[in-house]
Amino acid sequence: ILVNVFGGGLTGQAGAIRLGIARALMEVNPDYRATLKPAGLITRDPRAKERKKYGLKKARRAPQFSKR
């Protein structure tokens with residue numbers, strides 16, 4: 238199998254390839270779904286980058302606080 242993947246890191250790309258192969262197998266034979274579903278191969282990883290908020294340095298990192 239030859240695959241082109243763009244963006245993300247190594248783990249994210251590996252997950253995308255895994256999901257793509259699983260979906261391709263289901264296109265060929267829908268009966269594979271019963272085997273792929275319990276293995277968690279059909280589920281897309283829903284996590285996304287949290288946006289940066291104003292007043293903070295990053296999404297959650299606050300500026301350094303000084304008591305004096």
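Okay, so the sequence shown: first residue is 238 according to our numbering, each after it adds one. In this text, a Cβ means the ideal position worked out from N, Cα and C, and glycines have one as well. All of these numbers come straight from a predicted model, not from anything done at the bench.
**Request:** Would you decide whether A259 is buried or exposed? Buried here means 16 or more other CB atoms lie within 10 Å of its CB.
**Result:** Residue numbering aside, residue 259 sits at position 22 when the sequence shown is read from its first letter. Buried is the call here.
**Prompt:** Mapping DSSP to helix, strand and coil, what is P300?
**Reply:** Residue 300 sits at position 63 when you count from the first residue of the sequence shown. It is coil, neither helix nor strand.
**Prompt:** Counting Cβ pairs closer than 8 angstroms, one from the region 241-258 and one from the region 273-283, do we hit at least three?
**Reply:** yes
**Backbone secondary structure at T280 - three-state DSSP** = Counted from its first residue, the sequence shown places residue 280 at position 43. Three-state DSSP puts T280 in coil, outside helix and strand.
**Asked** Helix, strand or coil: which one does DSSP assign to G252?
**Response** Within the sequence shown, numbered from 1, the residue matching residue 252 stands at position 15. Helix.
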